[in-house]
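Chemist:
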Amino acid sequence: MNKILPLITFGILYCLPGFSQNKIGLSGGVQSTTASYKVRDKKQSTEGKVGAQFAISMKVPFDNQLFFAPTISYNLRGFKVQLTDSAVIPGYNVVNNDLTFHTINIAPLFQIDLSKEPSHLFVRFGPGVDVVVKGKEDLIFKDGKTESRQMKFGSEYYSPITTNAILQFGYESQGGFFIFGHYDHGLGSVNNNDFGPDAKHRALGLSLGFYFGRKNPNVFDTRALDAK
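Position 45, counted from 1, in the sequence shown is what the UniProt record's numbering calls 45; the numbers after and before it change by one each time, with no gaps.
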């Protein structure tokens, strides 16, 4: 039910008369994901992984070339870390960890169109909240043994919710197609334990998408204003 509610909300907003100038966009793409990983302020060596992103977004006229662009996305994130310093998470006898996260990101973004032309460049920016749906880690221990296990979430384990800052730069065509590159900078650690590591997501990606709705959101209905 929790996964369906965001889609229903988007649908209701889109159908309301006051939101007739809104557009709904679907997008998807690939991303390179890694993390800033420290144990007691000592940086640990990380290796990135290839991930994916699929999103549904809205483009809501706000002020001239400024738009509200709320976005909900699925993200496949992850990274590998080589531990030279140990911690309670993932374990004091772990030397390597390969982590995979499936997350839903909720982001109240703003968009600035860099031109009033129907085809134009744009910038999107804002905060995001990353909710982990599922996580897995593949461990290598000091004695050479390995283990694959599902992540545990809670105050003493991994964090089910983190925050991030999002920056996107792209191009939107008159026909509704758009392409953008994005950078996600994790602000909160994926670890909740006070004696665990400080690990924050990083992601750099490229996505393609298409808007449904009005072909040119920069053109507003000003007939009522002219009549006055």
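Just so you know, even glycine gets a beta-carbon here, dropped at the ideal spot from N, CA and C.
Count Cβ pairs between the region 86–102 and the region 132–145 that sit closer than 8 Å; are there 3 or more?
Modeler: In short, these stretches touch, since the Cβ pair count reaches three.
Chemist: Tell me where the beta strand (DSSP E) around residue 284 begins and ends.
Modeler: A query on residue 284 cannot be resolved here, the shown segment of the chain reaching from 1 to 228 and no further.
Chemist: Would you say Leu76 lies against chain B (beta-carbon separation less than 7 Å)?
Modeler: Judged by its chain identifiers, the structure shown contains no chain B, having just a single protein chain.
Chemist: Measure the C-alpha to C-alpha separation of Val123 and Ser115 and round it to an integer number of angstroms.
Modeler: One C-alpha to the other measures close to 11 Å.
Chemist: Flag this pair as yes or no: are the beta carbons of Ser77 and Gly51 separated by less than 7 Å?
Modeler: Checking the sequence shown, residue 77 turns out to be Arg, not Ser. Contact: yes.
Chemist: Name, in chain order, the residues that DSSP records as bridge partners for Asp198.
Modeler: Its beta-bridge partners are Lys38.
Chemist: Since Gln65 and Ile24 are thought to touch, with beta carbons under 8 Å apart, how far apart are those beta carbons, to the nearest angstrom?
Modeler: In fact, because the Cβ distance is near 20 Å, the residues do not count as touching under 8 Å.
Chemist: Check this for me: beta carbons of Asp55 and Arg202, under 7 Å apart or not?
Modeler: First, the amino acid is wrong: residue 55 is Ala here, not Asp. No. Outside cutoff.
Chemist: Which word fits Asn168, buried or exposed, when buried means at least 16 other C-beta atoms lie within 10 angstroms of its C-beta?
Modeler: The amino acid occupying residue 168 in the given sequence is Gln; Asn does not appear at that position. Looking at its Cβ environment, which holds 16 or more other Cβ atoms inside 10 Å, Gln168 is buried.
Chemist: Measuring only the C-alpha atoms, how far is Asp143 from Ile106?
Modeler: Their backbone Cα atoms lie some 41 Å apart in a straight line.
Chemist: Please report how far the alpha carbon of Ser159 lies from the alpha carbon of Glu117, in whole angstroms.
Modeler: Between Ser159 and Glu117, the C-alpha separation is close to 44 Å.
Chemist: If you reduce the DSSP assignment to three classes, tell me which class Leu139 lands in.
Modeler: If DSSP states are grouped into helix, strand and coil, Leu139 belongs with the strands.
Chemist: Determine the extent of the beta strand (DSSP E) in which Ser173 is found, giving its start and end residues.
Modeler: Per DSSP, Ser173 belongs to no beta strand (DSSP E) and is neither H nor E.
Chemist: Buried or exposed: Thr84, going by 16 or more other Cβ atoms within 10 Å of its Cβ?
Modeler: With fewer than 16 Cβ atoms within 10 Å of its Cβ, Thr84 is classed as exposed.
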